[in-house]
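> Let me begin by handing over the structure; questions about it come next.
Protein chains: 2
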Amino acid sequence: MKAIIVVGDGLADRPLKSLSGRTPLEAALKENLDAVAREGVCGIMDVIGPGRPPGSDAANLALLGYDPLECYRGRGALEALGAGVDLRPGDVAFRGNFACVDEDGVVVDRRAGRVEGSIFSEYLSEIRLVSHPDVEVKVLPTLGHRLAVVLRGEGLSWKVSDTDPHRDGMRILRSIPLDGSQEAWRTADIVNELTQLLRELMSRHPINRERVEMGLPPVNAILLRGAGEPPAIRPLKETYGVRGACVAVTPTVRGACRWAGFDLYTAPGATGGVDTDALSKAKVVERILPEYDLVYLHIKGADNASHDGDPHLKIKVIEKIDLMVGYLLEKIDWSETYMAVTADHTTSTRAKEHVGDPVPLALKGPEVRADEVDSFSERSCARGGLGRIKGKELMPIILDLLGKMEIFGS
Amino acid sequence: MKAIIVVGDGLADRPLKSLSGRTPLEAALKENLDAVAREGVCGIMDVIGPGRPPGSDAANLALLGYDPLECYRGRGALEALGAGVDLRPGDVAFRGNFACVDEDGVVVDRRAGRVEGSIFSEYLSEIRLVSHPDVEVKVLPTLGHRLAVVLRGEGLSWKVSDTDPHRDGMRILRSIPLDGSQEAWRTADIVNELTQLLRELMSRHPINRERVEMGLPPVNAILLRGAGEPPAIRPLKETYGVRGACVAVTPTVRGACRWAGFDLYTAPGATGGVDTDALSKAKVVERILPEYDLVYLHIKGADNASHDGDPHLKIKVIEKIDLMVGYLLEKIDWSETYMAVTADHTTSTRAKEHVGDPVPLALKGPEVRADEVDSFSERSCARGGLGRIKGKELMPIILDLLGKMEIFGS
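Residue numbers (the numbering used here), protein chains in the order written: chain A, 318 to 727; chain B, 318 to 727.
Here's what the structure looks like:
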């Protein structure tokens with residue numbers, strides 16, 4: 318037996334006045350999603366807990382079967398893992414930007430004209446801090462002006478604030494500890510020393526002489542945000558012996574899946590935006606499924622449309638996801654495959670943000686207790702046979718259908 | 318956005334033979350409660366947990382969003398807080414009666430002829446215990462023969478038994494520790510020394526010479542019961558920045574709301590009994606709602622009728638609550654207001670006590686995912702779109718609708 322979990326980012330919504338009191342899911346043409354609901358068993362799911370708006374990073378940890386309230390350690394490490402950075406438990410990782418600041422430390426350009434940061438890769442590969450010589454520091458350019466910073470050593474904490482002021486025209490911030498621990502104080506101190514050191518080092522880089530001569534902003538600072546440690550989890554592979562794959566573009570989702578022991582795949586034309594090529598993802602799933610027990614397919618777009626407050630765009634994305642599901646319905650051998658369709662959170666298109674309402678869930682496959690729900694939406698699924706479950710409970714339900722769960726007791 | 322939570326004390330019931338297998342809610346005329354269910358989303362709620370009969374004090378803590386199993390510390394402090402006594406975390410408070418005991422300590426009259434205890438206010442304002450000089454003791458007459466006793470100091474515990482034998486003709490009891498902790502031993506010792514000291518002090522009060530001459534029972538003892546500390550909670554105001562108000566008469570409900578950071582209101586004619594003026598409470602809600610995010614309206618009566626085993630009286634109370642809800646439906650601006658209608662526990666009119674069945678819940682307002690339930694009762698709400706939730710989950714759901722919940726993760 319195999320399983321596919323299809324997670325539509327921010328797919329669920331609240332009823333919208335502009336859709337005559339329907340949600341975008343209720344208003345969309347989605348015969349394939351409805352077919353999954355009709356053939357399967359449905360329910361609603363509190364990804365974190367009732368009334369708790371999930372962040373995407375914590376939400377996907379929950380859908381992988383982990384208790385986000387226990388294991389979540391911030392976004393930075395997930396994003397770094399997703400970008401291919403190697404981390405160990407206890408590492409503290411940040412997302413960062415190459416930026417341009419003036420002599421007073423005021424941010425002139427948060428992205429330094431979208432500089433290609435890889436030019437600094439070698440130059441910044443051997444950083445040592447005078448006050449913290451025991452801490453290993455890695456500055457790893459990822460894509461464009463983006464980078465990851467990894468701190469490795471004893472006694473670090475992810476509970477420190479950003480140095481990125483998140484706006485041009487503001488001074489670069491001092492990192493402060495976010496709890497009273499020794500580790501947080503120490504880490505904030507490290508971040509501040511590192512920030513200062515990087516400003517000095519980068520200012521001296523020959524590229525900046527060239528840039529200034531050419532009238533370009535110098536790339537003379539790194540802004541850090543989203544401190545995180547790898548989540549405190551055991552890979553699903555170790556716990557359940559499950560061979561998992563992830564088809565996703567979003568770095569935090571890829572990071573969570575990687576730390577859970579999944580192989581990572583992307584798909585041609587998958588952009589992480591509303592223009593993403595959904596069908597291309599389905600084809601990757603079709604291709605790799607023979608080699609795996611479980612494929613986790615995360616698809617963006619609906620969330621973006623909600624954050625932009627555009628219900629009609631959200632409907633279009635849903636209809637594209639529906640076609641993707643239709644491709645899978647046609648191509649996969651369903652006599653030996655389960656499929657769950659759900660969302661990682663509800664995004665309110667009116668409020669343009671994540672909200673705490675439960676998400677719909679439909680689960681089809683050879684041995685589910687199919688119910689009478691015949692459409693896939695927030696309200697129809699609430700009448701389903703799964704009732705109301707928590708996000709972290711979905712994975713055990715699926716692993717059990719795959720015969721991977723051990724008896725508790727004897 | 319604003320919200321009103323209407324809690325009918327003991328509103329829910331089990332099916333009764335005397336009502337042809339219906340519950341009082343099912344038998345009552347309640348078009349306004351039904352309207353809330355019809356326009357809203359419904360569910361059932363285990364206030365403490367499935368099959369666990371809630372006490373009113375713990376139940377209302379749960380409905381305020383706290384985990385009663387974590388935070389509950391007995392009734393005494395809630396009642397003292399509700400009576401206006403100022404408490405700090407760690408204080409141990411008792412409810413008490415001014416009473417009359419004979420020379421052997423046998424209780425002659427648990428209420429000392431319903432004496433007005435305030436005559437002792439000043440006389441008992443400076444109590445010091447010989448063996449525990451570090452403990453501050455306050456004896457605070459509240460209403461009639463009732464009082465609160467507050468112990469303040471290091472190393473106290475609420476895990477001690479009552480001195481009140483709860484019946485005339487029995488000896489005043491020695492308080493004993495209810496767990497093995499040092500603190501409980503110490504507190505029981507304090508309570509026993511205090512009880513002895515108060516007997517001596519009060520016997521010497523001039524009023525008792527007068528009373529004996531007039532043939533009245535002397536007021537020569539204080540009986541203590543219901544030791545409690547303030548619940549281990551953070552005010553909702555601090556955690557969520559929510560401005561809350563409580564409209565209630567019941568001291569424990571008022572105490573819980575006060576400790577949660579709510580302003581307290583009562584209403585003319587609100588008695589806490591079956592004769593309470595429900596409409597008067599609705600008018601207070603109407604008046605104060607503009608100043609608050611959240612109004613918690615607790616209404617007694619149905620519970621009293623159940624404890625008396627009178628289903629027809631319970632139906633009458635339900636119909637009165639229905640009119641109260643009707644007033645709100647007419648007067649409030651529902652384009653910006655949510656309303657939840659529920660109960661703090663099920664009270665079995667047959668058993669005349671609280672039982673562990675879930676309570677019905679209906680939630681209406683601008684953005685709820687309204688379902689097809691069209692009446693408000695224990696059974697109809699079980700088919701609703703909220704499914705089955707826990708008592709402590711209602712408040713986050715409502716706060717999320719008010720936009721007060723923060724994202725977990727990022």
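All C-beta atoms, glycine included, are put in the ideal place defined by N, C-alpha and C.
Just so we're clear, the structure is a prediction, and the values are computed from it rather than from any experiment.
Just curious, the beta strand (DSSP E) that VAL466(B) is in, first and last residue?
Start and end: 463-469.
> So what's SER665(A) in DSSP terms, helix, strand or just coil?
Residue state, collapsed to three classes: strand.
> In the DSSP assignment, find the unbroken alpha helix (DSSP H) run with MET641(A) in it and report its ends.
Here the alpha helix (DSSP H) through MET641(A) covers 628-648.
> Using the Cβ count rule (16 or more neighbours within 10 Å means buried), how would you classify LEU614(B)?
Its Cβ being crowded by 16 or more others within 10 Å, LEU614(B) is buried.
> Less than 6 Å between C-beta atoms, sequence neighbours within five positions excluded: which residues of the same chain meet that for PHE579(B)?
Result list for PHE579(B): GLY561, ALA562 and CYS563, in chain order.
> Which residues in the same chain as LEU540(B) place their Cβ atom closer than 8 Å to its Cβ, once the five residues preceding and following it in sequence are excluded?
The residues are GLY413, ASN414, ALA416, VAL424, ARG427, ASP479, THR480, ASP481, PRO482 and ILE489.
> For ASP610(B), go through chain A and note every residue whose CB falls closer than 9 Å to its CB, in chain order.
Per Cβ cutoff of 9 Å: no residues; ASP610(B) is ~15 Å from chain A at best.
> State the DSSP-derived secondary structure class of VAL564(A), mapped to helix, strand or coil.
Looking at VAL564(A) - three-state DSSP - the assignment turns out to be strand.
> Check whether the segment 354-368 of chain B touches the segment 691-701 of chain B, counting contact only when three or more Cβ pairs, one atom from each stretch, lie closer than 8 Å.
Enough Cβ pairs lie closer than 8 Å, so yes.
> Under 8 Å, Cβ to Cβ, is there at least one residue of chain B near SER438(A)?
Chain B, which has no Cβ nearer than 8 Å to the Cβ of SER438(A), makes this no.
> Are the Cβ atoms of LEU446(B) and VAL454(B) separated by less than 8 Å?
Taking 8 Å as the Cβ cut-off, LEU446(B) and VAL454(B) qualify as a contacting pair.
> Distance, Cα to Cα, ARG686(A) vs THR659(B)?
Those two C-alpha atoms are separated by around 32 Å.
> Could you tell me the boundaries of the alpha helix (DSSP H) in which GLU517(B) lies?
Unbroken alpha helix (DSSP H) run through GLU517(B): 499-520.
> Who are TYR613(A)'s beta bridge partners in DSSP?
Answer is ILE322(A) and CYS563(A), bridged to TYR613(A).
> Since GLY702(A) and MET362(A) should fall inside the 8 Å C-beta cutoff, what is the C-beta to C-beta distance between them, to a whole number of angstroms?
That belief does not hold up - the Cβ atoms of GLY702(A) and MET362(A) are roughly 13 Å apart, past 8 Å.
> Using Cβ-Cβ distances below 7 Å, what residues of the segment 683-705 of chain A are close to chain B?
From the segment 683-705 of chain A, only GLU695, ARG696, ALA699, GLY704 and ARG705 have a Cβ closer than 7 Å to chain B.
> Since TRP475(A) and ARG390(A) are thought to touch, with beta carbons under 8 Å apart, how far apart are those beta carbons, to the nearest angstrom?
Rounded, the Cβ-Cβ distance is 5 Å, consistent with contact.
> Quick one: complete alpha helix (DSSP H) runs, 4+ long, within the segment 430-462 of chain A?
If we require 4 residues or more, the segment 430-462 of chain A turns out to have no alpha helix (DSSP H) run fully inside it.
> Which of the residues in the segment 621-632 of chain A, read from start to end, lie with their CB under 7 Å from any CB of chain B?
Those residues of the segment 621-632 of chain A that come within reach of chain B (Cβ to Cβ, closer than 7 Å) do not exist; the list is empty.
> Taking Cβ positions only, does SER373(A) come closer than 8 Å to chain B?
Interface residue, yes.
> Considering only residues of the same chain and omitting the five flanking positions on each side of ILE715(A), which have a CB-CB separation below 8 Å?
So the qualifying residues of the chain are ALA320, ILE322, LEU611, TYR655, ALA657 and LEU680.
> Could you list which residues in chain A have their beta carbon closer than 9 Å to that of GLY393(B), in chain order?
Chain A residues near GLY393(B): none, gap ~31 Å exceeds 9 Å.
> Could you work out which residue in HIS629(A), GLU710(A) and GLY472(A) is closest to SER337(A) when comparing CA atoms only?
Selected option, being the one with the closest Cα: HIS629(A).
> Give the range of the beta strand (DSSP E) segment to which CYS698(B) is assigned.
Where CYS698(B) is concerned, there is no enclosing beta strand (DSSP E), given that its DSSP letter is neither H nor E.
> ILE724(A): buried (16+ other C-beta within 10 angstroms of its C-beta) or exposed?
So ILE724(A) ends up on the exposed side.
> How big is the Cα-Cα spacing for PRO548(B) and PRO371(B)?
Between PRO548(B) and PRO371(B), the C-alpha separation is close to 16 Å.
> Output, in chain order, the set of chain A residues within a Cβ distance shorter than 8 Å of GLY720(B).
Under the 8 Å cutoff, chain A gives ALA668.
> Would a check of beta-carbon distances place GLY382(A) closer than 8 Å to chain B?
With 8 Å as the cut-off, GLY382(A) does not count as an interface residue toward chain B.
> Since VAL529(A) sits in a beta bridge, which residues does DSSP pair it with?
Its beta-bridge partners do not exist; DSSP assigns none.
> For LYS476(A), which three-state DSSP category applies?
DSSP places LYS476(A) in coil when its eight states are reduced to three.
> Less than 8 Å separating the beta-carbons of VAL466(B) and VAL452(B)?
Not in contact: VAL466(B) and VAL452(B) (Cβ atoms no closer than 8 Å).
> Following the continuous alpha helix (DSSP H) through ILE714(B), name the residue where it begins and the one where it ends.
It spans 708-718 - the alpha helix (DSSP H) in which ILE714(B) sits, taken as one unbroken run.
> LEU261(B) versus chain A: which residues are under 8 Å apart at the beta carbon?
The requested residue 261(B) is not part of the displayed model; chain B covers only 318 to 727.
> Alpha carbon to alpha carbon, what distance is there between HIS624(B) and GLY327(B)?
Whole-angstrom Cα-Cα distance: 9 Å.
> For chain A, is any of its Cβ atoms less than 8 Å away from the one on PHE411(B)?
It does not: the Cβ of PHE411(B) has no partner Cβ on chain A nearer than 8 Å.
> Buried or exposed for VAL297(B), going by 16 or more other Cβ atoms inside 10 Å?
No answer is possible for residue 297(B): it lies beyond the span of chain B, which begins at 318 and ends at 727.
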